[in-house]
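Step one of this worksheet: look at the structure below.
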Amino acid sequence: MKLNDIQLAQIDAQVKRLIASDSYYGQVLKDAGITEIKSQEDYEKIPFSSKDDLRNAYPLGIQAVPDEEVVRIHSSSGTTGKPVIIPYTKKDVDDWALMFARCYEMAGVTNKDRIQITPGYGLWTAGIGFQAGCERLGAMAVPMGPGNTEKQLQMMMDLKTTVLTATSSYALLLAEEINKRGIRDKVYLKKGIFGSERWSDKMRDYIERELGIELYDIYGLTEIYGPGIGINCNKQHGMHYWDDYIYIEIIDPKTGKAVPDGEEGEIVITTLVKEGAPLLRFRTHDISRIIPGDCPCGSKFPRLDIIKGRSDDMFKVHGVNMFPSQVEEILGLVDGVSSEYKIDIAHDEEKNRDIIMITVEAEGRVDFEKTASVIQGMFKSRHSITPKITVVSVGTLPRTEKKAKRVIDHRDV
Ligand code: ZN
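Right, here's the structure in full:
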């Protein structure tokens, strides 16, 4: 998708402002010899930015406005090294709330709804984003934050919450708990808005069925406002994103070249009007594609397909590139298997070959040994790999309130 004239003018203004500021990215642009952006070609000369840049600029090197204009910071921890700090101006905070309110509207949420917010508040962007969007829309926020399942369920029943916002793993945990306690008829949920990790169709079906709700995937990352820059509509044909605030290109992660619309690659985002910490061509490491054509819902906002995985989650076994989503796809086809799984990858030094071990959960009614061999056969025929499959009882693998780490590569150590 090429830049339109408005986007081009916005990026040109961002670039000039960054160069004039004494910020980290101003220096990057100066070093790259960039002075203005008048065409798609000019734009494609802008160097990519990444989380590494943000770490290098820690704590506030990317701040592109005077101190008195910054009203808040957020931070993403990441798994290694220094955290990343993102400063926001009042306009940034307002813009984010507006985008988030649009997400709720796209999901059919209105000011009559009661939204239970279970993502965490504080340094990270999740809880406060869901909250600000909810208030902007005029709905009632029930700001729970994460954990304390007992209280979550109590509030959900007593306040007759209609919308649940959560990570998909926590939504699964709540759905299982509601099922176990047999309190489904005391729960008034109509919609679930979940984000921040890739989830399988099986998990989606379970939550949808057990809670009897419509599900929406919200997209976003701390570096680019936070969650709320896109969401799927009720036609379930990908996620609309707000192209008056962000420009998205899809690139081949190896070559860095843009791929045609419809082809899969890494999502790269440029903020168009962000003040506190504008980012140009930020590499998200999320893998998806632009869905070409118009959406049956009638919205003119462009669409991203569901996030297929992280380029850093991609794992290579026997020379084959794989994503957790491909594992999920197979598990979704096997009777009696839950949506939870764990993958361990190791290297057999003696035989000089990779070993992949997959632990899955199955219900007591199915034959574990037979199930393991069915799954193994599917991996063999679809991906030409032969993993070792271990089947355990449902509930054995850990459920978390945070993003679940499902692939453990022992070859790294
Ligand atoms: Zn749509």
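Mind the numbering: the sequence shown is residues 3 to 415 in my numbering, read in order. Glycine included, every Cβ here is placed at the ideal spot set by N, Cα and C.
Taking only heavy atoms of ligand 1 into account, decide whether any of them is closer than 7 Å to the Cβ of residue i.
i, result
"Lys237", "yes"
"Cys136", "no"
"Cys105", "no"
"His76", "no"
"Ser375", "no"
"Ser290", "no"
"Ile320", "The amino acid at residue 320 is misidentified as Ile; the sequence shows His. Outside the cutoff, so no."
"Ser301", "yes"
"His242", "yes"
Mind checking whether residue i and residue j have CB atoms under 8 Å apart?
i, j, result
"Phe138", "Leu166", "Note that residue 138 is Arg in the sequence shown, not Phe. The answer is no: Cβ separation not under 8 Å."
"Ile180", "Gly194", "no"
"Met157", "Val144", "yes"
"Glu268", "Ile250", "no"
"Glu331", "Leu56", "no"
"Gly131", "Gly147", "no"
"Ile87", "Leu62", "yes"
"Phe303", "Tyr227", "no"
"Ile292", "Gly258", "no"
"Thr273", "Arg283", "no"
"Gln65", "Ala374", "no"
"Val329", "Ile360", "yes"
"Tyr190", "Thr163", "yes"
"Asp350", "Ile357", "yes"
"Gly230", "Gly240", "no"
"Cys297", "Lys237", "yes"
"Leu281", "Gly232", "no"
"Asp203", "Gly338", "no"
"Lys93", "Glu277", "yes"
"Ser395", "Gly366", "yes"
"Lys310", "Glu266", "yes"
"Pro68", "Ser78", "no"
"Asp14", "Ile39", "yes"
Return the chain-ordered list of same chain residues with a C-beta closer than 8 Å to the C-beta of residue i, the five sequence neighbours on each side being excluded.
i, result
"Ala141", "Tyr106, Val111, Thr112, Asn113, Lys114, Asp115, Arg116, Ile117, Val165"
"Ile185", "Leu155, Met159"
"Ser52", "Phe284, Arg285"
"Glu46", "Ala260"
"Ile119", "Gly129, Phe132, Gln133, Cys136, Ala143, Val144, Pro145, Met146, Gly147, Thr167"
"Arg401", "Ser171, Leu174, Leu175, Glu178, Glu342"
Please return the same chain residues whose Cβ sits closer than 7 Å to the Cβ of residue i, not counting the five positions on each side in sequence.
i, result
"Val275", "Gln12, Asp97, Tyr247"
"Val322", "His385, Ser386, Ile387"
"Arg74", "Tyr90, Val95"
"Thr398", "Glu363"
"Val30", "Pro49"
"Asp245", "Phe303, Pro304"
"Ala173", "Leu166, Gly194, Phe196, Ile209"
"Arg104", "Trp244"
"Lys4", "Gln42"
"Leu125", "His76, Ser77"
"Val393", "Val362, Ala364, Phe370, Thr373, Ala374"
"Arg206", "Leu217"
Here's a check: name, in chain order, each residue in its chain whose Cβ is nearer than 6 Å to the Cβ of residue i, leaving out the five neighbours to either side.
i, result
"Glu210", "Leu217"
"Ile410", "Asp346"
"Asp369", "none"
"Met324", "Phe317"
"His412", "Ala348"
"Cys299", "Cys235, Lys237"
"Trp201", "Ser170"
Is any non-hydrogen atom of ligand 2 found closer than 7 Å to the C-beta of residue i, if you look at the structure I gave you?
i, result
"His320", "In terms of ligand content, the structure shown lacks ligand 2 and carries ligand 1 instead."
inquiry  = Closer than 8 Å is the cut-off here; do at least three beta carbon pairs connect the stretch 307-316 with the stretch 281-288?
reply    = Touching, yes, given that three or more Cβ pairs across the two stretches are closer than 8 Å.
task = Check whether the stretch 369-380 touches the stretch 343-359, counting contact only when three or more Cβ pairs, one atom from each stretch, lie closer than 8 Å.
result = No: the two stretches stay apart, fewer than three of their Cβ pairs being nearer than 8 Å.
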